Amino acid sequence: MTLLQQLIDAVALGALYGLVAVGIGLVFGIMRLVNFAYGEIITAGGYTLAYLNGSSPVVAILACVAACIGLALVQERVFRPLRGASPATMLVATFAVSFLLQNIYLLAFGSRGKPVSTLGGLNTAISLGTLRIRWISIVALAVAAALLAGTTLLLNRTAIGLHMRAAAADFRTARILGVRANRVIASSFVLAGFLAAAVSVLLTVQNPLVTPDYGVSVTLFALVGVVVGGLDRLASASLGGFAIGFAYSLVGARLPTDKSQYLPSLLYGTVILVLLLRPAGLFAPGKSAVERV
Amino acid sequence: MRRLVGLAAPVLLLVAVAAVGSLTTAARQLEFENALVKAAIVIALYVFIGNSGVVSFGQVSFVAVGAYLSGLLTLEVTQKSFVLPNLIPILRDHHVGTPLSLVLAAAAGGLYAFVVGLPLMRLSGLPAGIATFAVLGITYNVLRYWEKIGPAAQAIPLVPESGVWTLMTGAVITAIVAFAYQLSRFGRRLRATREDAAAAQASGIHVYRERLVAFTLSGALAGFAGGLLVHELGSITTDQVYLELTFITLAMLVVGGVGSLWGAVVGALLISGLDSLLGDAENTIHVGFRLTLPDGTRLVTLGAVMALVLILRPSGLTRGREFGLPRRRSV
Chain A
765 MTLLQQLIDA
775 VALGALYGLV
785 AVGIGLVFGI
795 MRLVNFAYGE
805 IITAGGYTLA
815 YLNGSSPVVA
825 ILACVAACIG
835 LALVQERVFR
845 PLRGASPATM
855 LVATFAVSFL
865 LQNIYLLAFG
875 SRGKPVSTLG
885 GLNTAISLGT
895 LRIRWISIVA
905 LAVAAALLAG
915 TTLLLNRTAI
925 GLHMRAAAAD
935 FRTARILGVR
945 ANRVIASSFV
955 LAGFLAAAVS
965 VLLTVQNPLV
975 TPDYGVSVTL
985 FALVGVVVGG
995 LDRLASASLG
1005 GFAIGFAYSL
1015 VGARLPTDKS
1025 QYLPSLLYGT
1035 VILVLLLRPA
1045 GLFAPGKSAV
1055 ERV
Chain B
232 MRRLVGLAAP
242 VLLLVAVAAV
252 GSLTTAARQL
262 EFENALVKAA
272 IVIALYVFIG
282 NSGVVSFGQV
292 SFVAVGAYLS
302 GLLTLEVTQK
312 SFVLPNLIPI
322 LRDHHVGTPL
332 SLVLAAAAGG
342 LYAFVVGLPL
352 MRLSGLPAGI
362 ATFAVLGITY
372 NVLRYWEKIG
382 PAAQAIPLVP
392 ESGVWTLMTG
402 AVITAIVAFA
412 YQLSRFGRRL
422 RATREDAAAA
432 QASGIHVYRE
442 RLVAFTLSGA
452 LAGFAGGLLV
462 HELGSITTDQ
472 VYLELTFITL
482 AMLVVGGVGS
492 LWGAVVGALL
502 ISGLDSLLGD
512 AENTIHVGFR
522 LTLPDGTRLV
532 TLGAVMALVL
542 ILRPSGLTRG
552 REFGLPRRRS
562 V
């Protein structure tokens, strides 16, 4: 039964990475900006939760959502001058902002880490026969599914969602047809910030010690997943994020212990292979488009 | 003749840094040495990223390989059999001087880059960025755990240190090679693909081949600069040649201006200088009055300055132009 157990854990971790992937993919789709500093929004949510340990979970979660959306809006304002800059510059600039925020956290909160205990109860497990499932796996899966469904509805059934999809398809034409650039970009950041808040709530249950670089590794892995899955569509991006989280958890659990230190190499090697075979992404539809000349 | 100004300016700047550095105290000299080595690494990055327009997060892998090879080869054989008994024989039983170790580091960096580049240079844009990042991740992971090729999680200790003039010579060599490359037909063809890949291809330029040439050369220079790095520091660990170095050198390149050698050198020296200055300010400096900054402000300020320059002046401080004397305008 251990395989089933590991599969469940892997699906739960995959769902978390899928959420991060959607947050990154939303902003990329519209602004063509890969936001390395997305992880720092997750970290901000984590610190907010850590400082509200004593208060009720509802208050803590609301404050976490507010903090994440606030920081996302600040980032939106900061990245505004980058619109239309070369991809290299954008990438390094968001890297710089990520570095800056991490060092601000270091200065403000120290390097030792703050524990979060708000929803610690979710770590208890329920037993089904030989199977032990932690509540957090179930909650993570349910929350991720609900949020993905909500995001899809928002994008497909509301006016602002239509504007966002139009902007993602062709930003200039969308503007000519009356889509307001600042509003549509800001709403994508708000949505991404909201998803980051959900990720920090779920992540702090599994990994309660919030350090200045808390969000970095989850963002890096999700980003790798997003590119492997295919950046150009939200569905393929989130599938890619899910796949990398799933693979990381499952392969990590299945590898013999003396080999598991090379797990990152294995994963990165697979990433290179996938990119070489399908540069447009594993889940991208059909052949990649011919270069625009 | 006019062209050579483009080379003379960065070289003179490097010489000036070394000259000022040699006049200061030993402790202060370390900061000048650090600036020179950073300049060499950034120049190596520039050769590929600047000329091709493709962002690579992987060049620090070649720095790491160069640093490890050069560091291990310059240790005494008796030391190695004692401290690092698990090394493969070729690394354990040989000892070479610093200059030869630097040449070997360049060869190893170039070879590694060539092997990696063979498949990877087919990619461009973000997939290229992520794939090269994956190379960095693998290099770090393997160096950190494989005891046959290094000390794994420990440091390589007691590497002979080089002085400021040796390091400057190394940085100047990388600058000369980079300059020669960008004037060569290879460099010009690659720069054409950067401006417009489709048009370059239509004019008979083989994009993949030109990128591979630059990637290999950049890898060799990065390996060489890695050798300089290990002889500057006197020891090295895997964490010193990973994410932070990648980020800081890329930021130096972009802050200076990706498109020119002058930009690479200016960016590297300016950010290194600012870094040292802020480090001092944390331990009180006199600027008319006594200034003491709280610990940790160095990195925050550095991050803020880099983010500001990148956001407000995305083409870099030099706007990607080579240094040139002001031209006289005809009326």
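If you read the sequences in order, they're chains A and B. First residue of the first sequence: 765, per our numbering; consecutive thereafter. First residue of the second sequence: 232, per our numbering; consecutive thereafter. Beta carbons: idealized from backbone N, C-alpha and C, even for Gly. Fair warning: this is a prediction, and the values are worked out from it, not measured in the lab.
Could you tell me whether any Cβ in chain B is nearer than 8 Å to the Cβ of residue i?
i	result
S1029 (chain A)	yes
Q839 (chain A)	no
Y781 (chain A)	no
L995 (chain A)	yes
T894 (chain A)	no
L955 (chain A)	no
A1011 (chain A)	no
P976 (chain A)	no
F859 (chain A)	yes
A831 (chain A)	no
G942 (chain A)	no
A849 (chain A)	yes
V1054 (chain A)	Model confidence at V1054 (chain A) stands at a pLDDT of 43, short of 50, so the residue's coordinates are unreliable and nothing is read from them.
Y1026 (chain A)	yes
Y1032 (chain A)	yes
Report the three-state DSSP secondary structure of residue i (helix, strand or coil).
i	result
K878 (chain A)	strand
G407 (chain B)	Before going further, note that residue 407 (chain B) is Ile rather than Gly in the sequence given. Helix.
R552 (chain B)	coil
L300 (chain B)	helix
A1053 (chain A)	Bear in mind that the predicted position of A1053 (chain A) carries a pLDDT of just 48, short of 50, making it unreliable; the figure below should be weighed with that in mind. Looking at A1053 (chain A) - three-state DSSP - the assignment turns out to be coil, as it is neither helix nor strand.
W377 (chain B)	coil
V562 (chain B)	In this prediction, V562 (chain B) scores a pLDDT of 49, lower than 50, which makes its location untrustworthy; no coordinate-derived value is stated.
I924 (chain A)	helix
Y473 (chain B)	coil
A247 (chain B)	helix
S1000 (chain A)	helix
T305 (chain B)	coil
T256 (chain B)	coil
Tell me residue i's beta-bridge partners as DSSP assigns them.
i	result
V974 (chain A)	A:K878
R898 (chain A)	A:A889
I467 (chain B)	B:I387
Check the C-beta distance from residue i over to residue j and give it rounded, since I have them as a contact under 8 Å.
i	j	result
A1001 (chain A)	A774 (chain A)	The pair is not a contact, with the Cβ atoms about 19 Å apart (cut-off 8 Å).
L826 (chain A)	V963 (chain A)	The pair is not a contact, with the Cβ atoms about 16 Å apart (cut-off 8 Å).
N282 (chain B)	R425 (chain B)	6 Å
W899 (chain A)	L886 (chain A)	4 Å
L322 (chain B)	I380 (chain B)	7 Å
G551 (chain B)	G494 (chain B)	6 Å
N372 (chain B)	S1029 (chain A)	5 Å
L505 (chain B)	V531 (chain B)	About 12 Å separates the two Cβ atoms, so there is no contact after all.
L895 (chain A)	Q769 (chain A)	6 Å
V472 (chain B)	G302 (chain B)	Rounded, the Cβ-Cβ distance is 11 Å, inconsistent with contact.
Y1032 (chain A)	G490 (chain B)	That pair is no contact at about 30 Å.
G454 (chain B)	G341 (chain B)	6 Å
Y1026 (chain A)	Y299 (chain B)	That belief does not hold up - the Cβ atoms of Y1026 (chain A) and Y299 (chain B) are roughly 18 Å apart, past 8 Å.
Please determine, among the options, the residue with the shortest C-alpha to C-alpha distance to residue i.
i	options	result
H325 (chain B)	B:A430, B:Q471, B:T305, B:G394	B:T305
A499 (chain B)	B:T329, B:R259, B:S434, B:I274	B:I274
P525 (chain B)	A:L871, A:A830, A:S819	A:L871
A776 (chain A)	A:R847, A:L905, A:I1008	A:L905
L1003 (chain A)	A:A808, A:G778, A:T975, A:R844	A:G778
I902 (chain A)	A:R1042, A:L771, A:T766	A:L771
L987 (chain A)	A:T766, A:L768, A:Y802, A:I794	A:Y802
R529 (chain B)	B:I542, B:L508, B:E553, B:S449	B:L508
P851 (chain A)	A:E840, A:R796, A:S881, A:L837	A:R796
F345 (chain B)	B:V327, B:A384, B:F293, B:Q310	B:F293
A1044 (chain A)	B:W396, B:G356, B:R259	B:G356
E513 (chain B)	B:F478, B:L501, B:L533	B:L533
A830 (chain A)	A:L967, A:V991, A:F958	A:F958
L767 (chain A)	A:A931, A:I897, A:I1036	A:I897
Can you check whether the C-beta of residue i is within less than 8 Å of a C-beta belonging to chain A?
i	result
I542 (chain B)	yes
N514 (chain B)	no
V286 (chain B)	yes
G368 (chain B)	yes
A535 (chain B)	yes
V562 (chain B)	Confidence at V562 (chain B) is low in this model, with a pLDDT of 49, below 50, so the placement of that residue should be treated as unreliable; the coordinate-derived value is given next. Output row for V562 (chain B): interface = no.
L481 (chain B)	yes
R550 (chain B)	no
A365 (chain B)	yes
When you measure from the CB of residue i to every non-hydrogen atom of the ligand ATP, does any distance come out below 7 Å?
i	result
G547 (chain B)	This structure lacks the ligand ATP, and indeed carries no ligand of any kind.
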